[in-house]
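The structure appears below as structure tokens.
Chains as they are written, first to last, in the numbering used here: chain R, 1 to 501; chain U, 502 to 654; chain E, 655 to 981.
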């Protein structure tokens, strides 16, 4: 079946009025739940999963996919408005998005995120339709050594996340890596850094750490100077992008889409890197890198596009091979099975209407999302006019309840308090929280792939340089370090001379 | 100020060193392993060491360079009330149940802002309680006792 | 949206619940029943539970709600149910992990044998010994010879300590008296990815995850771990056919209430479980998963108690011999 006939079949399924309706309900519910602080996409889907059980398979899966990107989008909204990321990619959006909101530019930030996401989602959906099987095959060439090298590259490149001291950013990354190691070691089962609490065997909850170091820390920062000024986000100037904004986001959106589409295909953790990689790329390529971290719209548009593109292409391994790229995809597998469909290489042949219907519905879902959210921008921004003294108790409570509802684990809430105070102290002393979160999500992967690569090579580290993909990635990592270090060394010398005057 | 160094750099360096030391020392008790089969202690020991080194570097960089800006005041009331509320929430959600915990927690957090009076804090806490009930219990079907076992007679 | 309305009812009723003592067993159930799954939503155990829960709510005339309490290899959720009120409104659906936990975790805050009242077995999911598709051996006999000859040069993926895939590997190595290089993964999903990509050699996983890959020819299947061949994979021999005797492994799932639950309530639940397992939709969905509901004669407290006891003894021995422990 050629591509156009297949897409025709897909759209005939996706454009069924019932399916459009459920796609819309999914996108709407996903957005509304995803916007709640402390609830990221994974939790949203886990909570809303049962709603889809009574529907027929196509409709149920179309609705679930809608919930997924709705939740993802809702998560970015919270990150921009109140500095509370619900998942790792939103942590990147929070860096510049929240700064824009503080300057009264929440509207353009949300609009840039919506438009970037829509464009990226459309392109990635097309890629999914056209190249899914070959892309999935190619991704299988990535084994443990390749992922290890990729993560090393990602960590080194992402030093650009920091707009202050590079050593402090490195410190935050390493601290994040260490925090990611809390919990039971998957290789030996040894519980590490758990204080004997079995509640910590599964590791620290991402949402708890994110809510602590971003949300609670930010609230404490705001309470510092309460007597002198009304804190929080400034009144909103305009809702829509200016012509200049539009010009500035075009290239970041295009690059973000490319980066995200490629990384999303890799099932071993590529999608996590997409937003961070896009942010680093934009900061490097920008003519005014000093604006990053202080409200650069490129820092919102690029990562949001990358993230959404990766979200779409991460369906590729699921739908063509039946393997989940991340926890959300694992939930989707459960949903498939409950609908009586076992995801695997045969779905595309045995259930063409379902396969192409879901792909077509992704495009429609992205369209609905942008149609739904552009008007909502006004509503979200209005919420910022709620006085901060009312808003922050709400944030604290929502975060606690949301985090508790995921696993009913009270230690996740204790963790919020712990990371709230640690995050507050570190930020007060001039460290930034985003690199810590990157380290936190990549730490377990880094260790897992390193140890697995060493087992597979029987203890021979040359495996990292003898496998071509891995070697290439490591060379790129080395180049990234050189590019970053050389100019600053030169500058240092200049400074030394200046000081001697 | 007698101290001729950046308090920020010294403090963040100290935090890094403390965390690095904790992770590295604790991890020394775990199996270090061999290159073939790395043990659970390998990565934390290595990374903990790196973090200590970075902490020292951060602190050293701050020597002789005092902070330009004066430190903002400590939000002591906020720290105690906000963190206290979160701890209270965790400790009592199972026992007291959803409604009492949300009421008390919202009230205490609201009071951490000096701009809230007792009355406005009360109103905020009642409003938030209704909102949270509607969203989480009614809307999302969260399974949690509304009035916990500690309050049943 | 009906479910949401029912959930509202569930929340309100659960909140104002009467204490356990006043519940009259004959009227049971008068409020929604919660089944705790000690794993995250979307996994195979969760899927099994949701299918059974839907059918049981029809029989009981009350909503049966599934609650996921994941963590620490299923011991957190099990511990929570062990400590719950024994009024029949909080149940546990757990798999083989119930019998391995005592051997794996030194300090378990509950005793699987005494802290629970068994209700019945639910299903036994067979497992399959599979390999990457270009793996040399062609048949089960070849595989056994190959593994014996190459030993540690063969890589075997498992889903971490105490996972069924690891237990299967332990039994296999035990039976062949050889040692493979075990490569742990975070769950069987990533392990399957690496198997498909040819990064590792072998794995043993439940049919739920392997059937579609085997049928598509993406991986090689050498044997099923049950005493008889299974319907969805009629061409795959049993271990016994290849000369590996006494190899019987399936991921069995059981339904439990906290110990001390009224016998009348247990009887009612057993009856409801049997009705659910006889349900056609449940049967068909289980077949899709490559498994089947246990016959009514096994969906009983006695059958589950016997299974739990036998398996606990077996795994205590195997796990101690292999020197594996989580804590």
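Even glycine gets a Cβ: it sits at the ideal position worked out from N, Cα and C.
Cβ neighbours of residue i in the same chain (closer than 6 Å, five flanking residues each side left out)
i, result
"residue 677 of chain E", "Here residue 677 of chain E scores only 46 on pLDDT, less than 50, and its place in the model should not be relied on; the value that follows carries that caveat. So the qualifying residues of the chain are 741."
"residue 881 of chain E", "902"
"residue 278 of chain R", "256, 259, 302, 303, 306"
"residue 242 of chain R", "none"
"residue 841 of chain E", "813"
8 Å Cβ cut-off: residues of chain R touching residue i
i, result
"residue 562 of chain U", "165, 167"
"residue 527 of chain U", "192, 193"
For residue j and residue i, believed in contact at Cβ under 8 Å, the rounded distance
i, j, result
"residue 460 of chain R", "residue 299 of chain R", "Their Cβ separation, rounded to whole angstroms, is 41 Å, which puts residue 460 of chain R and residue 299 of chain R out of contact at 8 Å."
"residue 948 of chain E", "residue 931 of chain E", "7 Å"
"residue 865 of chain E", "residue 944 of chain E", "4 Å"
"residue 504 of chain R", "residue 313 of chain R", "In the structure as shown, chain R starts at 1 and stops at 501, and residue 504 of chain R therefore has no counterpart that could be examined."
"residue 688 of chain E", "residue 744 of chain E", "5 Å"
"residue 781 of chain E", "residue 818 of chain E", "7 Å"
"residue 117 of chain R", "residue 147 of chain R", "About 26 Å; that fails the 8 Å criterion."
Heavy atom of the ligand MG within 6 Å of residue i beta-carbon
i, result
"residue 129 of chain R", "The ligand MG is absent from the structure shown, which contains no ligand whatsoever."
Closest residue to residue i among the options (Cα-Cα distance)
i, options, result
"residue 143 of chain R", "R:450, R:290, R:480", "R:450"
"residue 814 of chain E", "R:175, R:189, R:133, R:288", "R:189"
"residue 428 of chain R", "R:121, R:216, R:310", "R:216"
"residue 409 of chain R", "E:726, E:816, E:712", "E:726"
"residue 133 of chain R", "R:340, R:315, R:376, R:367", "R:315"
"residue 737 of chain E", "E:910, E:945, E:971", "E:910"
"residue 303 of chain R", "R:288, R:425, R:275, R:239", "R:275"
"residue 908 of chain E", "E:835, E:687, E:766, E:879", "E:766"
"residue 464 of chain R", "R:103, R:153, R:125, R:114", "R:153"
"residue 114 of chain R", "R:432, R:15, R:370", "R:370"
"residue 80 of chain R", "R:47, R:452, R:377", "R:377"
"residue 524 of chain U", "U:534, U:602, U:551", "U:551"
"residue 210 of chain R", "R:445, R:69, R:418", "R:418"
"residue 870 of chain E", "R:347, R:172, R:480", "R:347"
Beta-carbon proximity list for residue i, same chain, < 8 Å, skipping 5 on both sides
i, result
"residue 617 of chain U", "611, 625"
"residue 401 of chain R", "38"
"residue 924 of chain E", "773, 774, 953, 954, 955"
"residue 951 of chain E", "957"
"residue 970 of chain E", "756, 757"
"residue 335 of chain R", "49, 52, 60, 61, 64"
"residue 175 of chain R", "436, 439"
"residue 939 of chain E", "705"
"residue 792 of chain E", "none"
Chain U contact residues for residue i, given Cβ-Cβ distances below 7 Å
i, result
"residue 560 of chain R", "The requested residue 560 of chain R does not occur in the structure, where chain R is confined to residues 1 to 501."
"residue 177 of chain R", "548"
"residue 393 of chain R", "607, 610, 611, 625, 629"
"residue 458 of chain R", "537"
Chain R residues whose Cβ lies nearer than 7 Å to that of residue i
i, result
"residue 838 of chain E", "186, 187"
"residue 963 of chain E", "The premise fails here: residue 963 of chain E is roughly 24 Å from chain R at the closest Cβ pair, so nothing lies under 7 Å."
"residue 551 of chain U", "174"
"residue 559 of chain U", "167, 168, 171"
Cβ neighbours of residue i in the same chain (closer than 7 Å, five flanking residues each side left out)
i, result
"residue 513 of chain U", "559"
"residue 59 of chain R", "18, 19, 22"
"residue 497 of chain R", "Reliability fails at residue 497 of chain R, whose pLDDT of 48 lies under 50, so the model's placement of it is uncertain and the value that follows must be treated cautiously. If we look at residue 497 of chain R and ignore the five residues flanking it on each side, it has no Cβ neighbours."
"residue 200 of chain R", "182, 183, 194, 411"
"residue 568 of chain U", "507, 508, 509"
Closer than 7 Å at the beta carbon, the chain E residues around residue i
i, result
"residue 344 of chain R", "866, 867, 870"
Per-residue contacts from residue i into chain U (C-beta, under 9 Å)
i, result
"residue 435 of chain R", "Going along chain U, no residue has its Cβ under 9 Å from residue 435 of chain R, so there is no contact; the nearest lies around 12 Å."
"residue 461 of chain R", "536"
Chain E residues whose Cβ lies nearer than 8 Å to that of residue i
i, result
"residue 72 of chain R", "Those within 8 Å of residue 72 of chain R in chain E number zero; the least Cβ separation is about 17 Å."
"residue 58 of chain R", "Chain E residues near residue 58 of chain R: none, gap ~16 Å exceeds 8 Å."
"residue 571 of chain R", "Lying outside 1 to 501, the shown extent of chain R, residue 571 of chain R is not represented and no answer is given."
Under 9 Å by beta carbon: chain R residues contacting residue i
i, result
"residue 573 of chain U", "221, 224, 225, 428"
"residue 714 of chain E", "Within 9 Å Cβ-Cβ: nothing; residue 714 of chain E doesn't reach chain R, min ~17 Å."
Contiguous beta strand (DSSP E) assignments of at least 3 residues, all confined to the segment 351-387 of chain R = none
Of all the alpha helix (DSSP H) runs that stay within the bounds of the segment 166-193 of chain R, which reach a length of 4 or more residues?
-> Listed in chain order, the alpha helix (DSSP H) elements of length 4 or more contained wholly in the segment 166-193 of chain R are 166-179.
What are the uninterrupted segments assigned as alpha helix (DSSP H) that are 4 or more residues long and contained completely in the segment 531-607 of chain U, given in chain order?
-> 543-563, 585-597
What are the uninterrupted segments assigned as beta strand (DSSP E) that are 3 or more residues long and contained completely in the segment 207-290 of chain R, given in chain order?
-> Complete beta strand (DSSP E) runs here, min 3: none at all.
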